[in-house]
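K.L.:
Protein chains in written order, with the working numbering: chain A, 279 to 709; chain B, 279 to 709.
(1) Could you confirm whether any beta carbon from chain B is found closer than 8 Å to the beta carbon of residue 539 of chain A?
(2) With C-beta atoms as the reference, is residue 448 of chain B less than 8 Å away from residue 402 of chain B?
(3) Flag this pair as yes or no: are the beta carbons of residue 503 of chain B and residue 456 of chain B separated by less than 8 Å?
(4) When Cβ atoms are compared, which residues of the region 394 to 405 of chain B fall closer than 7 Å to chain A?
(5) Just tell me which of A:630, A:472, A:612 has its CA closest to the CA of residue 620 of chain A.
(6) For a contact meaning CB atoms closer than 7 Å, what does residue 597 of chain B contact in chain A?
(7) Identify the contact partners of residue 491 of chain A in chain B, using a Cβ-Cβ distance below 7 Å as the criterion.
(8) Can you tell me whether residue 692 of chain A is helix, strand or coil according to DSSP?
(9) Run through the DSSP bridge pairs and tell me what residue 591 of chain A is partnered with.
(10) Take residue 412 of chain A and list the residues in its own chain whose beta-carbon comes closer than 8 Å to its own, dropping the five residues that flank it on each side.
(11) At what residues does the alpha helix (DSSP H) containing residue 447 of chain B begin and finish?
(12) Report the residue from B:521, B:531, B:622 whose alpha carbon sits nearest the alpha carbon of residue 553 of chain B.
(13) Using alpha carbons as the reference points, say which of B:405, B:422, B:420 lies closest to residue 414 of chain B.
(14) Do you know offhand how far residue 488 of chain A's Cα is from residue 338 of chain B's?
(15) Using the C-alpha atoms, what's the distance from residue 604 of chain A back to residue 477 of chain B?
(16) Whole angstroms is fine: what's the gap from residue 223 of chain A's alpha carbon to residue 324 of chain A's?
(17) What distance in whole Å lies between the Cβ atoms of residue 583 of chain A and residue 297 of chain A, which are believed to be in contact at a cut-off of 8 Å?
(18) Look up residue 456 of chain A in the DSSP assignment and give the residues it is bridged to.
(19) Helix, strand or coil for residue 586 of chain B per DSSP?
(20) Let's test the definition: count the other Cβ atoms within 10 Å of the Cβ of residue 283 of chain B and tell me whether it reaches 16, buried, or not, exposed.
(21) In or out: residue 614 of chain A buried (at least 16 other Cβ within 10 Å) or exposed?
(22) Under 8 Å: do the region 643 to 652 of chain B and the region 352 to 368 of chain B share three or more Cβ pairs, one atom per stretch?
(23) According to DSSP, is residue 653 of chain A helix, strand or coil?
(24) Per DSSP, what are the beta-bridge partners of residue 646 of chain A in this structure?
(25) Roughly how many whole angstroms lie between the Cα atoms of residue 525 of chain A and residue 465 of chain A?
(26) Identify the continuous alpha helix (DSSP H) that holds residue 376 of chain B and give its terminal residues.
(27) Output yes or no for whether 8 Å exceeds the beta carbon distance between residue 246 of chain B and residue 424 of chain A.
(28) According to a CB-to-CB cut-off of less than 7 Å, which residues of the region 421 to 454 of chain A neighbour chain B?
(29) Identify every run of the beta strand (DSSP E) within the region 380 to 437 of chain B, keeping only runs that are complete inside it and at least 3 residues long; order them along the chain.
(30) Could you check where the alpha helix (DSSP H) with residue 478 of chain B kicks off and where it finishes?
(31) Classify residue 282 of chain A as helix, strand or coil using the three-state DSSP reduction.
(32) In the DSSP output, which residue or residues are listed as bridge partners for residue 598 of chain B?
(33) Tell me which residues share the same chain as residue 694 of chain B and place their Cβ nearer than 8 Å to its Cβ, disregarding the 5 neighbours each side in the sequence.
(34) What's the C-alpha gap between residue 490 of chain A and residue 341 of chain B?
(35) Roughly how many angstroms lie between the CA atoms of residue 400 of chain A and residue 438 of chain A, to the nearest whole one?
(36) Would you decide whether residue 513 of chain A is buried or exposed? Buried here means 16 or more other CB atoms lie within 10 Å of its CB.
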């Protein structure tokens with residue numbers, strides 16, 4: 279495509295927007311994430327010596343194109359919704375304005391970065407809503423789709439309100455609190471469960487959490503009752519216990535009872551193993567005595583909806599609005615803005631999809647973030663994005679906070695935008 | 279955990295096995311993949327200077343442990359099923375024997391690598407079965423979970439029988455055939471669809487595939503009829519056209535008719551857009567005139583089953599068999615082997631899960647691949663793994679080749695293995 283653009287001299291500014299066409303059945307809203315990594319990619323995007331050599335050797339491309347790729351840097355403009363913003367179908371969360379070949383070349387990786395973190399942040403936000411007041415920890419690296427997915431899932435879930443992650447490098451890279459625990463294999467390696475508990479306690483006394491379900495959960499809880507006073511005499515406090523199999527709410531009640539009877543009210547109960555927001559909601563409703571949850575696979579693969587129907591589409595080229603007309607995949611042309619209106623109590627009431635530059639009531643969600651390839655201002659920290667997500671999710675209409683997906687949130691399209699779409703259709707028909 | 283192992287002097291050999299506990303509802307078999315990357319990881323696994331410095335600075339770990347981590351190299355043994363082998367629940371596809379702390383430290387990344395490629399190869403194998411004789415191309419990088427997932431999905435799907443990928447770097451890294459095509463935005467950027475087709479044809483004449491559905495699929499097919507003779511006079515042949523929206527089988531029939539009427543029988547029809555094995559099977563049954571498919575999201579996220587219930591569990595420590603007893607997650611102890619029996623016509627008839635070293639009828643699936651941290655022999659090439667997968671899938675019982683998941687494939691457990699499990703249970707009860 280780039281070769282053809284260069285052959286035709288088509289290097290005028292192109293406007294692409296990234297948006298989601300429609301929500302998965304089990305989503306009523308999405309949380310924008312991944313912008314920080316997307317902008318980092320644009321700032322540093324270039325072809326390496328090795329890649330250029332390989333392209334040259336392939337013999338498929340003209341010298342003019344190889345020179346173009348050698349010199350290629352992203353010097354375009356980007357407007358976007360800040361990370362943590364709640365958004366809905368058809369609303370662009372990112373707009374790129376750059377020479378057509380450049381805007382096209384960055385497409386795949388931009389989608390790859392925005393899509394995945396948005397998938398995870400949107401899933402994580404549901405879990406946070408389902409378990410109010412509970413500490414949620416990302417346990418999902420092992421079944422994440424590769425190492426990058428594991429790291430970015432730690433980031434996106436923290437952004438959406440998780441308390442931390444078991445993916446240790448996420449502390450160094452993103453400053454995310456890390457939580458470790460013990461494996462069943464650790465317990466199994468010892469001659470007895472008691473010996474394993476005691477060895478772990480002595481070697482890692484801070485924030486001590488012991489795993490109860492390797493053999494028999496309640497029997498293990500009784501061992502904790504015996505162990506706790508002995509450790510206390512050595513100055514070691516058991517912070518919590520973890521359950522990882524069976525009916526977690528039932529085991530939690532029994533373990534809580536065993537611990538409470540022994541005066542161990544301060545030992546917290548953590549649960550993990552096959553959890554998702556549906557189960558969390560059930561446990562919350564049943565007031566299961568669980569203080570925190572470790573959530574793995576359903577989070578880092580977004581099990582029920584591992585992908586979004588998203589697109590990065592050309593909306594304008596060389597000043598002329600463009601529109602794709604494919605069945606079921608038609609797009610709104612031009613540069614767009616989203617205005618959001620709120621009720622008096624602060625909850626969101628409706629969004630309006632308009633042309634950029636149109637002045638409307640409400641709050642404009644899309645902001646300038648990059649001009650001429652350089653970021654504008656200081657980028658928000660991950661903590662700031664996390665605060666924004668909490669605020670945004672807190673402002674959702676009640677039924678969406680309850681994870682009900684109907685009625686869908688109202689997004690209307692401005693008259694001016696409809697008129698522009700009609701105009702583009704008429705022009706296409708006339709060609 | 280490592281600190282506690284060192285404090286207790288627990289550095290004897292540990293045996294861990296990686297296996298899948300149960301199949302997702304929509305899978306009747308799995309295809310082992312990811313071993314090559316897993317072994318590459320073990321060969322090079324070490325803590326970097328930066329990581330060691332960070333661990334030291336954290337103040338959480340003793341000098342003895344930091345020294346241990348500094349010197350850490352994987353010098354253990356690995357036995358595994360070759361990539362491309364078909365396998366079933368409870369059958370280990372990889373066994374690691376290494377000092378306990380080392381075998382434990384490599385756990386997360388080993389699972390992360392074996393799990394993902396196995397997920398993708400198993401999904402891809404279903405698509406290959408659903409579309410016999412059709413060229414399937416991986417189009418999924420954009421919605422894969424990160425860049426690593428995109429690259430490894432290209433590899434795993436090729437291993438399972440895909441013809442190639444649109445992820446260009448997979449050619450350089452894995453030697454996988456690459457297939458490019460044009461985007462809707464390319465068409466949109468031009469004043470007319472005809473101009474876009476012609477510009478693309480001139481700039482990229484080899485293997486020319488033109489995208490028909492940006493505005494109106496059949497109208498675009500008529501434009502091809504006009505364009506083809508003109509291009510032919512310039513020595514350019516249109517290899518194929520691609521449909522990406524609407525009822526693909528219906529459009530394919532209409533486009534085939536339009537092309538055939540014009541004597542363009544040699545132009546192939548490719549289809550893409552929201553495809554999975556269910557749709558491929560329908561199109562195959564309906565004999566839709568489609569020659570090849572581009573498959574994205576449902577492949578690279580394994581949409582219907584993005585994760586497997588898999589585990590990497592301690593089966594033996596310091597010569598003593600071990601067993602986890604957790605509810606619904608109990609494991610078979612000891613080092614195991616899988617023997618597969620075949621019918622006279624070559625199809626698989628049943629598997630036997632036994633103790634390693636037991637001599638049984640059938641073919642032993644688990645082979646030696648690494649000793650003392652070094653690989654044994656020349657590793658199979660990706661093409662060899664791909665050939666094995668084709669052979670293995672071809673030997674599945676008929677109902678599994680038809681993608682029916684019941685009855686499940688019979689895997690029995692040997693008397694000796696059951697006896698060992700009972701023995702471990704008795705020992706645990708006696709503690």
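Even for Gly, the Cβ is constructed at its ideal location relative to N, Cα and C.
P.N.:
Looking at the coordinates:
(1) no
(2) no
(3) no
(4) 394
(5) A:630
(6) None at all; the shortest Cβ gap to chain A is about 12 Å.
(7) 604
(8) coil
(9) A:295
(10) 558, 562, 568, 569, 570, 571
(11) 447 to 452
(12) B:521
(13) B:405
(14) 18 Å
(15) 21 Å
(16) Past the edges of chain A, shown from 279 to 709, lies residue 223 of chain A, and the structure says nothing about it.
(17) With a Cβ gap of about 17 Å, residue 297 of chain A and residue 583 of chain A do not count as contacting.
(18) A:443
(19) coil
(20) buried
(21) buried
(22) yes
(23) strand
(24) A:357
(25) 21 Å
(26) Not the alpha helix (DSSP H): residue 376 of chain B falls in the beta strand (DSSP E), residues 372 to 377.
(27) Since the displayed chain B opens at 279 and closes at 709, residue 246 of chain B lies outside it and no answer follows.
(28) 421, 422, 423, 424, 425, 426, 427, 428, 430, 450
(29) 413 to 416
(30) 471 to 481
(31) helix
(32) B:595
(33) 632, 633, 636
(34) 30 Å
(35) 7 Å
(36) exposed
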